[in-house]
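For reference, the structure is listed below as C-alpha cells.
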Amino acid sequence: MERRKFLKSAGLGIAASAVAAPAIAQTTTMPEVKWRLASSFPKALDTIFGAAEVVSKRVEAATDGKFQIRVFAGGEIVPGLQVLDAVQNGTVECGHTAPYYYFGKDPTFAFDCAVPFGMTVRNQNAWMYVGGGIELMRDFYKAYNTVQFPCGNTGAQMGGWFRKEIKTVKDLQGLKMRIGGFAGAVMSKLGLVPQQIAGGDIYPALEKGTIDAAEWVGPYDDEKLGFYKVAPYYYYPGWWEGGPQLSLLVNLNEWNKLPKTYQSILESACAEANVFMMAKYDAQNPAALKRLVGNGVKLRRFSDDILTACHKAAMEVFEETSAKNENFKKVYTHWRAFLDEQRLWFRVADKAYDDFTLNPPKAKK
Ligand code: CA
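Our numbering applies: residue 1 is where the sequence shown begins, and numbers increase by one.
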C-alpha cells in the first residue's frame with residue numbers, strides 16, 4: 001500500500017514537472033548579453049540622450065535583465081561625431097546618433113536623418129516604416145557593416161542663434177555657423193562658413209566668438225545649452241531639419257549573433273523611443289519658448305529673401321550630388337517621389353486644419 005501510494009504520487013510529480021518544463025527551459029536558454037551603446041549626445045540633454053535610455057530600459061525589462069545595454073554619453077568612449085566608426089569597427093555594439101553627421105563619408109546618410117526642405121516627422125515615419133525607406137537605407141548601410149533603426153525625432157527645428165540680426169542673404173556672407181553637413185553645403189553656396197561641432201562643444205565656441213551663430217534643436221534643448229546668453233537672435237524655421245530622425249546603429253555581426261527574441265525586443269524598443277522623443281520635445285518646447293522670450297530672446301522668422309535663396313541652393317545641391325553619387329541618386333529618387341505624394345495629401349486635411357486651428361477667427365462681440 002505504501003509503495004503504491006508512493007508510485008502514484010511520484011507519477012503525478014513527473015506529470016507536473018513535464019507541464020512546467022517548457023517555461024523553465026525557455027528562461028534558462030535566454031543568454032546574458034551585455035552591450036555598450038555610444039551616444040553622440042551629452043547626458044544633460046534628457047530628450048535626445050534620453051532616447052537611448054528608453055531603449056536600454058525597455059530591453060532590460062523585457063528580457064528579465066538578461067540583455068543589458070549600457071549607455072555612454074558623447075565623448076565617454078568615442079567623440080560624439082565618431083559613433084558610426086565605433087559601431088562599424090566593433091568598438092561598441094551599437095550607437096545612437098544623427099546619421100547626417102556622416103555626410104562627409106557619403107551624403108546618402110542624411111536621408112536617415114534630415115535633408116534641407118525635406119520631410120516632417122510624419123513624412124519620415126511614413127517613408128521609413130511603410131514606404132520602403134528602412135529597407136532602402138539598410139542596403140546602403142551594409143557597406144558600413146551596420147544595420148539601422150529609427151530611434152527618435154525632434155520635429156521641425158529652430159533655425160538657431162545669431163549674435164547679430166540677419167535680414168538678407170548678404171548678411172550670411174562670411175558668417176561662421178555651427179550647422180551640420182548637408183545644410184552646411186547649402187549655406188556655403190551663400191557665403192556662410194559652416195562648422196560641424198558636437199552638441200556639448202557648441203556653447204564655448206559661441207561664447208568665445210569662434211563662431212557667430214549656432215543651431216542645435218529647439219527651445220527645450222537650446223535653453224539648457226544656454227545659447228541665449230551669448231547670441232540673442234533666435235531664428236526659425238530650421239529649414240534643414242523639418243523632422244530629423246535619430247537612429248540606433250547596430251554592428252551587423254553583433255546583430256546577427258542576437259537571439260531572434262532579442263532582435264525583436266530591440267526593434268520594438270527603438271520604435272518606442274521614436275515616439276517618446278517626439279512626445280517629450282512637443283510637451284516641453286512651449287514652456288521653454290515662453291521662458292526664453294521672457295529672458296529677452298529676440299524671436300525672428302527667416303526672411304523670404306533668405307528662405308527662397310536657401311531653397312534654390314538646396315535644390316542645386318540635390319542635383320549636383322545626384323550627378324556624382326549613385327547611392328545618393330538611388331535613395332533621393334525614391335525619397336523625392338514619396339515626399340511629393342505626401343505633400344499632395346498634407347496640403348488637404350492637415351494644412352487646412354492647422355491653418356484654421358492655429359489662427360482661429362476671433363469671436364465678434
Ligand atoms: Ca539641428
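Glycine is no exception: its CB is placed at the ideal position from the N, C-alpha and C atoms.
Problem - Endpoints, the beta strand (DSSP E) within which residue 152 is located - result: 146-153
Practice item. Please report the Cβ distance between residue 284 and residue 126, rounded to the nearest whole angstrom; I am assuming they are in contact, meaning their Cβ atoms lie under 8 Å. Key: Actually they do not touch by this definition, with Cβ atoms about 25 Å apart.
Quiz item: How would you label residue 70, buried or exposed, when you count the other beta carbons within 10 angstroms and need 16 or more for buried?
Solution: exposed
Item checked: CB contact flag (residue 317, residue 185, <9 Å) -> yes
Exercise. Residue 251 bridges to which residues according to DSSP?
Worked result: 146
For the beta strand (DSSP E) holding residue 97, just list the boundary residues, first then last. 94-97
Q.
Going by DSSP, what residue range makes up the alpha helix (DSSP H) through residue 160?
A. From DSSP, residue 160 is part of no alpha helix (DSSP H) but of the beta strand (DSSP E) over 160-162.
Q. If you check the beta carbons only, do residue 98 and residue 224 fall under 9 Å apart?
A. no
Hey, which unbroken runs of the alpha helix (DSSP H) at 4 residues or more fall wholly within the stretch 261-336? 304-324
### Beta carbon shell of ligand 1 at less than 7 Å from a heavy atom
157, 180, 215, 216, 217, 238, 241, 244
| Thinking just about the alpha-carbon of each residue, which of 136, 84, 86 is nearest to the one in residue 328? | 136
Candidates 58, 38, 40: which alpha carbon is nearest residue 267's? 58
Exercise. Near residue 101, what residues of its chain come up, given a Cβ to Cβ distance below 6 Å and the 5 sequence neighbours on each side ignored?
Worked result: 81
Measure the C-alpha to C-alpha separation of residue 244 and residue 119 and round it to an integer number of angstroms.
8 Å
Enumerate in chain order the residues of its own chain whose CB-to-CB distance from residue 358 is below 6 Å, with the five nearest sequence positions on each side excluded. none
Under 9 Å, do residue 111 and residue 255 count as touching if we go by C-beta distance? no
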